[in-house]
Amino acid sequence: MNIVVADDEESIRNVISRHLRSQGYTVRVAEDTDSAEAILKEHPETDLVVADIRMPGCDGIELLRTAKESNPELEVILMTGYAELESAVGAVEGHAFGYLRKPFCIEELASLVDSASRHVKMRREREEHLHQLEELVAKLEASEHRYKTLVEGVPGAVVSTDRNLAITSASQRSTELLGRTPEELIGTSIDALRSGEDRAAFRSRVEALLQQGTGMVELNGRLLRPDGTTQHTMDVATLLRDASSDGAPDGIFWIIGDGSEAHRLKVEAKNARDYLESVRRSRSESRSIVGESQAIKEVLHTIKSVAATSASVLIAGESGTGKELVAESIHINSDRSERPFVVLDCATLQESLLESELFGHKRGAFTGAVRDKTGLVEIAGGGTLFVDEVGELSPAVQGKLLRVLEHGQFRPLGSTKERCTDIRVIAATNRDLFKEVRTGRFREDLLYRLDVVRIELPPLRDRKEDIPLIAQHLLRNSAVTVPKPKRFTPHAIEALMAYDWPGNIRELSNIIERAIILSGQDEEIVVSRLTVTSDKAPAAVRTLQEVQNSETDKALALTNGNKTRAARMLGVTRQTLISRLKRRSKPRRTGSS
Numbered sequence: 025m026n027i028v029v030a031d032d033e034e035s036i037r038n039v040i041s042r043h044l045r046s047q048g049y050t051v052r053v054a055e056d057t058d059s060a061e062a063i064l065k066e067h068p069e070t071d072l073v074v075a076d077i078r079m080p081g082c083d084g085i086e087l088l089r090t091a092k093e094s095n096p097e098l099e100v101i102l103m104t105g106y107a108e109l110e111s112a113v114g115a116v117e118g119h120a121f122g123y124l125r126k127p128f129c130i131e132e133l134a135s136l137v138d139s140a141s142r143h144v145k146m147r148r149e150r151e152e153h154l155h156q157l158e159e160l161v162a163k164l165e166a167s168e169h170r171y172k173t174l175v176e177g178v179p180g181a182v183v184s185t186d187r188n189l190a191i192t193s194a195s196q197r198s199t200e201l202l203g204r205t206p207e208e209l210i211g212t213s214i215d216a217l218r219s220g221e222d223r224a225a226f227r228s229r230v231e232a233l234l235q236q237g238t239g240m241v242e243l244n245g246r247l248l249r250p251d252g253t254t255q256h257t258m259d260v261a262t263l264l265r266d267a268s269s270d271g272a273p274d275g276i277f278w279i280i281g282d283g284s285e286a287h288r289l290k291v292e293a294k295n296a297r298d299y300l301e302s303v304r305r306s307r308s309e310s311r312s313i314v315g316e317s318q319a320i321k322e323v324l325h326t327i328k329s330v331a332a333t334s335a336s337v338l339i340a341g342e343s344g345t346g347k348e349l350v351a352e353s354i355h356i357n358s359d360r361s362e363r364p365f366v367v368l369d370c371a372t373l374q375e376s377l378l379e380s381e382l383f384g385h386k387r388g389a390f391t392g393a394v395r396d397k398t399g400l401v402e403i404a405g406g407g408t409l410f411v412d413e414v415g416e417l418s419p420a421v422q423g424k425l426l427r428v429l430e431h432g433q434f435r436p437l438g439s440t441k442e443r444c445t446d447i448r449v450i451a452a453t454n455r456d457l458f459k460e461v462r463t464g465r466f467r468e469d470l471l472y473r474l475d476v477v478r479i480e481l482p483p484l485r486d487r488k489e490d491i492p493l494i495a496q497h498l499l500r501n502s503a504v505t506v507p508k509p510k511r512f513t514p515h516a517i518e519a520l521m522a523y524d525w526p527g528n529i530r531e532l533s534n535i536i537e538r539a540i541i542l543s544g545q546d547e548e549i550v551v552s553r554l555t556v557t558s559d560k561a562p563a564a565v566r567t568l569q570e571v572q573n574s575e576t577d578k579a580l581a582l583t584n585g586n587k588t589r590a591a592r593m594l595g596v597t598r599q600t601l602i603s604r605l606k607r608r609s610k611p612r613r614t615g616s617s
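Spelled out as structure tokens, the structure:
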């Protein structure tokens, strides 16, 4: 992702740009709005602007508006050391992606940038999907045109039925296609003309049309002729209703034509879907949950069990343990897998924006609402809504989410009409929500609605036996392009297992990505390429081997040199501890891992 950082303070520009570059982003810096606008003109491929509101010349709000006019798809995160209300209002009016008040932790900005990156990626994927759908629609429209031309020149059948599907009239041309004269057809149930295997599905579709009370339905199936042969047909049915009646429909009007061409297109479409499914499976494998520990086996068993239901799920665990991956796995293995999987990260949005993001709004609902916005609850219709960090929701939004869970209903901001949705809600949190209930910050009734099935994700330090498998999986599926496959040295794997991973799998993934880059053309990843920021000295970087050595020394000091007790404290065998101490006493050789 391409990012422009604009701030009149050089130190802030340097800190932010250095951190974002370390995360793999392409970053350009500007000292004022004029410089930022010049960069945006020179680099229209820019995806995100991180700008201070107070800068010489035009402020960040004006930069936001100007940038959005030139590129409506551009995302903007605003920063300010001032807490005025008008700044926040300006950010909302300008459709800023996020708003941060100085001073803030670099992790807050990194989280917001990461969310913007995922938003940009999802938008591009959506645009690509729309482009593919447009191409498919164009092909289908061309096929439909050819088909209509064919129907106009080839005899077809026009039939009407009553509500019970008994034929009340039929055209003379029905004889050729249906194999029966109009007189023979009248009084016959139209579903009796279908082959046995199509009959139940045919009637089900038609009954759904009758219950809906409006619209049109297309049915492709096989017609059973009097001589026992079958023929593919394309049926278009719409409801018949007396012009003076506003009640139930009187019957159904049918146009039945030769569906051989439609059947051929259907087979081609199935082949295309099978190909897309193979691509989806490949992606699913790259994002699979990896591990052989008892803890992760229990998680996988729960995922398999709950995926077959529509129950709400609450995923609890520390940051970086893979809560979104679990939610996606539940969705992929459910009967909603063909419908959207939509993510709402409550921790990255301002409270004032959460309700609009979740439920949408009508134009004019608030200052800056210049057009209708569809909320994620509606976008996820038929699929799954994953609410990450659900504990960040305000009490008001919690109440509205509860209504969605209980009644499947919601109301966009500024609307007076209720809308319906059919979604499965999966929530995640790294908080103790029962404690939040006791302090009044979280609704107890919502917690019970969400916590139908709970999945507790263990931290990586509690399933260290999975680290080699996870590391190899991350290495194979790394986004970093390398000329040759890489592998870890035994010492590197041992170093990975010795570290406690406070950032869990997310931290492990980042360190492996960095190690792949730092190892260059080398086929092996050695210990010296595995670096982690020390919690005691945030500015210093040391190897995982050094972390291991430090923790070993602490354990020996606390146990007065007792190797058995120190090994137990470190969670390793006594022999492993002795082997580590022996390796440390040996002189290092050039090229050693």
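To get our numbering, take the position in the sequence shown, counting from 1, and add 24. Every residue, glycine too, gets a C-beta built ideally from N, C-alpha and C. Quick caveat: nothing in here was measured; it's all calculated off a predicted structure.
Does the beta-carbon of residue i have 16 or more other beta-carbons within 10 angstroms, so that it is buried, or is it exposed?
i: C129; result: exposed
i: L582; result: exposed
i: I85; result: buried
i: P127; result: exposed
i: G237; result: exposed
i: F512; result: buried
i: G415; result: buried
i: H387; result: In the sequence under discussion, the amino acid at residue 387 is Arg, which differs from the His named in the question. Exposed, since its Cβ has fewer than 16 Cβ neighbours within 10 Å.
i: M25; result: buried
i: F458; result: exposed
i: M146; result: exposed
i: N584; result: exposed
i: L109; result: A caution first: L109 carries a pLDDT of 48, below 50, which makes its placement in the model unreliable, though a value can still be read off. The residue in question, L109, is exposed, as its Cβ has fewer than 16 Cβ neighbours within 10 Å.
i: E176; result: At E176 the pLDDT is 43, less than 50, meaning the model places this residue with poor confidence; the figure from the coordinates comes in the next sentence. Looking at its Cβ environment, which holds fewer than 16 other Cβ atoms inside 10 Å, E176 is exposed.
i: D546; result: exposed
i: A591; result: buried
i: R604; result: buried
i: T185; result: buried
i: T588; result: exposed
i: L520; result: buried
i: V161; result: exposed
i: E468; result: exposed
i: S334; result: exposed
i: R42; result: exposed
Tell me residue i's beta-bridge partners as DSSP assigns them.
i: T104; result: R125
i: I210; result: Answer is none; I210 lacks a bridge partner.
i: V28; result: R52, V73
i: G384; result: T398
Compare the Cα-Cα distances from residue i to each of the options and report the closest residue.
i: Y523; options: H497, S358, N573; result: N573
i: R45; options: E33, V29, D56; result: V29
i: E531; options: R485, G544, P509, S552; result: R485
i: D274; options: T262, S533, I280; result: T262
i: G438; options: E468, V477, R448, D396; result: D396
i: I479; options: T345, T576, V161; result: T345
i: I77; options: Q599, P96, E33, H67; result: E33
i: L248; options: F365, T398, L217; result: L217
i: A389; options: E152, R435, E97; result: R435
i: Q47; options: L601, S552, A539; result: A539
i: P364; options: G81, H385, R448, I549; result: R448
i: K321; options: Q196, V350, I276; result: V350
From what residue to what residue does the alpha helix (DSSP H) around residue i run?
i: H119; result: From DSSP, H119 is part of no alpha helix (DSSP H); its letter is neither H nor E.
i: R530; result: 528-542
i: R42; result: 34-46
Could you tell me the boundaries of the beta strand (DSSP E) in which residue i lies?
i: G281; result: 275-282
i: A181; result: 181-186
i: E480; result: 477-480
i: M258; result: 254-264
i: T453; result: 448-453
i: R246; result: 240-248
i: I313; result: Careful: I313 lies outside any beta strand (DSSP E) and carries neither H nor E.
Could one say the Cβ of residue i lies closer than 7 angstroms to chain B's Cβ atoms, at least one of them?
i: D577; result: The structure shown has no chain B; it contains just one protein chain.
At a cut of 8 angstroms, does the segment 366-381 reach the segment 121-136 through at least three beta carbon pairs? Enough Cβ pairs lie closer than 8 angstroms, so yes.
Is the segment 129-145 close to the segment 364-373, with three or more CB pairs under 8 angstroms? In short, these stretches touch, since the Cβ pair count reaches three.
Spell out a yes or no on whether the segment 348-363 and the segment 399-409 are touching, meaning 3 or more CB-CB pairs, one atom from each, closer than 8 angstroms. A contact between stretches requires three or more CB pairs, one per stretch, nearer than 8 angstroms, and the segment 348-363 meets this requirement with the segment 399-409.
Check whether the segment 33-44 touches the segment 56-65, counting contact only when three or more Cβ pairs, one atom from each stretch, lie closer than 8 angstroms. Fewer than three pairs of CB atoms, one per stretch, sit closer than 8 angstroms, so the segment 33-44 makes no contact with the segment 56-65.
Validate contact between the segment 315-331 and the segment 486-501 using beta carbons, cut 8 angstroms, 3 pairs: Contact holds: three or more Cβ-Cβ distances are below 8 angstroms.
Tell me whether the segment 65-75 and the segment 88-105 touch, counting them as touching only if at least three CB pairs, one residue from each stretch, are closer than 8 angstroms. They touch, by the three-pair rule.
With three or more beta-carbon pairs closer than 8 angstroms as the criterion, would you say the segment 467-475 touches the segment 322-332? Touching, no.
Three or more beta-carbon pairs under 8 angstroms between the segment 193-206 and the segment 220-230, yes or no? Short answer: they don't touch.
Sufficient close CB pairs (3 or more, under 8 angstroms) joining the segment 443-452 to the segment 327-346: Enough Cβ pairs lie closer than 8 angstroms, so yes.
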